[in-house]
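Heads up: the structure comes next, in structure tokens.
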Amino acid sequence: MLHRGCPHRDANWRPSSCEATVLTTEPCSPSLGHIKLETNQQPLQLLHSAILEDAFSKVIREDSSKANSENMTREEGAVPQKKTKDFSYRLGQRRALFGKRKQLSDYALVCGMFGIIVMVIEIELSREFYSKQSIYSYVLKGLISLSTVILLGLIVMYHAREIQLFMVDNGADDWRIAMTFERVLFVGLELLVCAIHPIPGQYVFTWTARLAFSYTASVADADVDIILSVPMFLRLYLIGRVMLLHSKLFTDASSRSIGALNKINFDTRFVMKTLMTICPGTVLLVFSVSCWIIAAWTVRICERYHDAQEVTSTFLGAMWLISITFLSIGYGDMVPHTYCGKGVCLLTGIMGAGCTALVVAVVARKSELTRAEKHVHNFMMDTQIYKKIKNTAANVLRETWLIYKNTKLVKKVDRARVRHHQRKFLQAIHELRRVKLEQRKLTDQANTIADLAKTQNMMYDLVSELQHRSGELDQRIVALEEKLDSILLSVQSLPVALSQAITKCECECAWLSVSKCSPVIDWLPVQVNLPSP
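Numbering-wise, my numbering comes out as the position in the sequence shown, counting from 1, plus 30.
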């Protein structure tokens, strides 16, 4: 009696060739399955040994690959996690540095504007109410010096944050890598510009100038504060930096990504161009008024020591001088006496010429028709020209008929009438040619570069869609070929399966016949020759 699943057999037991052996696994141990041979009660169940060997090797390979992948995951799982953690840390650090840099730029602008305002107040009050030796002058100049020191510290901290951003973006370990010659020169120049300010105390120098109309020399003792106060307006460059850092184009990640793909640098120039595109009138107005006020105050300060008649030393007179210079009029009723005032007027004239050109360009752009208006205008003109073409063509046909009528269908030809109709015929032909030429010109004007680019984009989208559909069709054809190959393999393996089934049935019939004839027989090895698959 044979027991299924028993790993120990009788020593005299010999399996028959028709007896099938099936691989099964039992979890005898917690780690690996126990492999055993299970013998069915029907010994004539046939399976090919090569199939069993392939299945066994496949199971072993799958188990080993899973184990290796799990081991590799355990060993290498910490490295990607660490890399992801480092990358997220760098992103967070970069975001924090961006915020700190923006705050430092805001604080620097506040300190710079505070110093300029206090400087203007101190110069105006020291001229009328107290001297440079007064305690009030010392207090105001002390505030200017304090704000300047804070401004220099903020600028140094700002550039330190920029160096940290450079290190984070490029993965540098040493900050000296970012200290190029251009960066050092730029930082030094910026510190020098922001460090200029009037110092406490009274310091004078002898200023000699030649008057404009009398050409006589004028000598005066001027304060050194004029030389140190006017360059303080150069601190206004901080406005451009603040505008850049607060611009949505600079802070938005999507716009910066698109700009990086198109190789566009998000700097102050790009922001100013964007503002000139969005609101050109406002930008020009603010820039012109600011330059007008600053230049007028500078001319007043430069001219007040040599203007005995108080023509250009008053603020209103200086504004009039700057306005006529800005607009390139130059009446000549007011002229500067000092080289300082002449230099300011020269710069004002250059800026006025540039602003005038920008105003003309803005007005011309605002006066242009929009694309929709151009389409409507072109459609109306095309309709009118089409009507003119029909009228002139009808005139040509009419004059042709009248010429034929007055020359062929009358008994007596009137030469004067024929010449009159011939003249009108030629005029109609020339008019038809002229109208057709206008139609061609209108067609050429309608096909602008923007329309051609739009048409090109539409064609590109259409071709892309066709390519996508062609790719999908190729994938479907490949899938269909694979299915046909699988069907062909199944059909080819069908005779082998049928032969195995027939052989199995013959073996079962032979065994039944033998068992009926002799119910008790010894175990004898029976060899069955099976056809190879």
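Note that beta-carbon positions come from the ideal geometry of N, C-alpha and C, so glycine has one too.
Cα-Cα separation between residue i and residue j, rounded to whole angstroms
| i | j | result |
| --- | --- | --- |
| S118 | I193 | 20 Å |
| D203 | Y188 | 19 Å |
| K278 | T304 | 11 Å |
| M197 | F263 | 33 Å |
| L542 | E536 | 10 Å |
| S285 | L467 | 46 Å |
| T12 | T342 | For residue 12 there is no data in the structure shown, the boundaries of the chain being 31 and 563. |
| K404 | E398 | 9 Å |
| D282 | H276 | 10 Å |
| Q163 | Y233 | 10 Å |
| R499 | D491 | 12 Å |
| S161 | G218 | 34 Å |
| L496 | E502 | 10 Å |
| V406 | R124 | 51 Å |
| Q486 | K513 | 41 Å |
| R453 | D474 | 32 Å |
| V223 | F144 | 16 Å |
| V493 | V140 | 56 Å |
7 Å Cβ shell around residue i - same chain, five flanking residues per side excluded
| i | result |
| --- | --- |
| A7 | Because the chain in this structure spans residues 31 to 563, residue 7 falls outside the shown range and cannot be described. |
| A138 | L181, L184, I185, Y188 and L268 |
| M364 | V341, T342, G347, W350 and L351 |
| Y564 | The structure shown has nothing for residue 564, since the chain only spans 31 to 563. |
Chain-order list of residues whose beta-carbon lies under 6 Å from that of residue i (same chain, five-residue window excluded)
| i | result |
| --- | --- |
| A476 | N408 |
| A326 | A348, M349 and I352 |
| R271 | S135 |
| C321 | M381 |
| G107 | Low local confidence applies: a pLDDT of 46 at G107 is under 50, so the model's placement there is unreliable, with the coordinate-based value given in what follows. None. |
| T298 | G270 and L274 |
Selected residue, minimal CA-CA separation from residue i, among the options
| i | options | result |
| --- | --- | --- |
| L388 | L315, E403, T437 and R299 | L315 |
| A338 | A250, G289 and F144 | A250 |
| I174 | K162, I146, V186 and D199 | I146 |
| R265 | A225, Y245, A242 and S277 | A225 |
| R401 | L258, I229, Y490 and K484 | K484 |
| V392 | S318, V140, P310 and D363 | P310 |
| F235 | V406, F211, E152 and L258 | L258 |
| V313 | H276, C385 and Q469 | C385 |
| M149 | Q133, Y137 and Y166 | Y166 |
| K171 | I269, F159 and I151 | I151 |
| A190 | G201, K130, R157 and I153 | K130 |
| R395 | R447, Y434 and I308 | I308 |
| I323 | M489, V440, V526 and V374 | V374 |
| N200 | L456, V140, L524 and R120 | R120 |
| E154 | R206, L519, I331 and S244 | I331 |
Test item: CB-CB of residue i and residue j under 7 Å
| i | j | result |
| --- | --- | --- |
| G382 | V329 | no |
| H460 | L432 | no |
| L274 | L195 | no |
| P366 | E333 | yes |
| G565 | L176 | Residue 565 lies beyond the stretch modelled for the chain, which goes from 31 to 563, so this question has no answer here. |
| M411 | L472 | yes |
| D255 | P230 | no |
| F296 | G289 | yes |
| Q469 | I507 | no |
| V565 | K418 | The structure shown does not extend to residue 565, since the chain is modelled only from 31 through 563, so no value can be given for it. |
Bounding residues of the alpha helix (DSSP H) (the contiguous stretch that carries residue i)
| i | result |
| --- | --- |
| F280 | K278 to T281 |
| R395 | Y369 to S397 |
| C309 | Element bounds for C309: n/a, residue is neither H nor E. |
| H227 | Run containing H227: none; DSSP gives neither H nor E here. |
| W431 | R401 to K438 |
| Q475 | R445 to A476 |
| T355 | F345 to F356 |
| T178 | I165 to N200 |
Start and end residues, beta strand (DSSP E) containing residue i
| i | result |
| --- | --- |
| T236 | V234 to R240 |
| D565 | Here the chain comprises residues numbered 31 to 563, so residue 565 is not present and cannot be evaluated. |
Cutoff 8 Å; reference residue i; Cβ partners in own chain excluding five residues on either side
| i | result |
| --- | --- |
| R240 | T246, A247, S248 and H367 |
| G360 | I354 |
| H336 | W237, A239, L241, S248, A250, H367 and T368 |
| W482 | A small correction: the amino acid at residue 482 is Leu; Trp does not occupy that position in the sequence shown. Result list for L482: empty, nothing under 8 Å. |
| C36 | Legend: pLDDT at C36 = 41, less than 50; position of this residue unreliable, value from coordinates given subsequently. None. |
Test: residue i CB closer than 7 Å to a CB of chain D
| i | result |
| --- | --- |
| E192 | The structure shown has no chain D; it contains just one protein chain. |
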